[in-house]
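Numbering (the UniProt record's numbering), first residue to last: 1 to 166.
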């Protein structure tokens, strides 16, 4: 039986469907049919503009984003597809908080839906720090098919593992 480390939280029936696709060598075809395109966001500057546009469209009252970048150090062994951080610094007599989003560099070559899902997820953390009902409701507000894309992203990560990609 194939271990599906990215899909452990999903129902057994869904895991079995993925195992069937693996056994019949259909997983790659499934992903290629659903997500045939690759996004054009290839630089940190373009990623910042992309995240800022999503924030402006859906979260105008959220704190400003100071930095958004692709990070080569984020890897799946730490279960980090993206990170949101707040860095506090003292400037003069004031405490300044800088908001950053870091996206794993492997998403430079991913489908546009996967990149959007990761950015939406990290932006939602600006309003909701925990993965609770309100957090996922906010994610769905910004991306109505959020849950399906998240599942497919986990299938994509499983497929990458099968191919032996880091």
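Cβ coordinates follow ideal geometry from the N, Cα and C atoms, glycine included.
Backbone CA spacing between residue i and residue j [nearest angstrom]
i, j, result
"residue 15", "residue 9", "9 Å"
"residue 49", "residue 98", "17 Å"
"residue 129", "residue 144", "20 Å"
"residue 137", "residue 162", "32 Å"
"residue 123", "residue 135", "10 Å"
"residue 20", "residue 4", "12 Å"
"residue 77", "residue 66", "Here residue 77 scores only 46 on pLDDT, less than 50, and its place in the model should not be relied on; the value that follows carries that caveat. Roughly 27 Å separates the two Cα atoms."
"residue 24", "residue 151", "20 Å"
"residue 44", "residue 69", "5 Å"
"residue 132", "residue 113", "22 Å"
"residue 30", "residue 153", "12 Å"
"residue 139", "residue 127", "11 Å"
"residue 165", "residue 95", "42 Å"
"residue 142", "residue 93", "37 Å"
"residue 121", "residue 13", "26 Å"
"residue 57", "residue 22", "38 Å"
"residue 125", "residue 53", "16 Å"
Under 8 Å between C-beta atoms of residue i and residue j
i, j, result
"residue 71", "residue 104", "yes"
"residue 159", "residue 117", "no"
"residue 55", "residue 62", "yes"
"residue 149", "residue 51", "no"
"residue 59", "residue 155", "no"
Buried/exposed call for residue i, threshold 16 Cβ in 10 Å
i, result
"residue 33", "exposed"
"residue 157", "buried"
"residue 110", "buried"
"residue 73", "exposed"
"residue 6", "buried"
Range covered by the alpha helix (DSSP H) that runs through residue i
i, result
"residue 152", "146–163"
"residue 18", "12–23"
"residue 41", "No alpha helix (DSSP H) holds residue 41; DSSP gives it neither H nor E."
"residue 33", "27–34"
"residue 137", "133–142"
"residue 110", "Looking at the DSSP string, residue 110 is not in any alpha helix (DSSP H), and its letter there is neither H nor E."
Cut-off 7 Å between Cβ atoms - residues of its own chain near residue i, not counting five sequence neighbours on either side
i, result
"residue 169", "Because the chain spans 1 through 166 in this model, residue 169 falls outside it and cannot be assessed."
"residue 11", "none"
Residue i: first and last residue of the uninterrupted beta strand (DSSP E) it sits in
i, result
"residue 70", "67–71"
Neighbourhood of residue i by C-beta, 8 Å cutoff - its chain only, sequence neighbours within 5 removed
i, result
"residue 37", "111 and 112"
"residue 64", "99"
Distance cut-off 7 Å: residue i Cβ against heavy atoms of the ligand MG
i, result
"residue 52", "Absence of the ligand MG from the depicted structure is noted, as is the absence of any ligand whatsoever, leaving it without description."
Proximal residues to residue i (C-beta, below 6 Å), its chain only, five neighbours per side dropped
i, result
"residue 17", "none"
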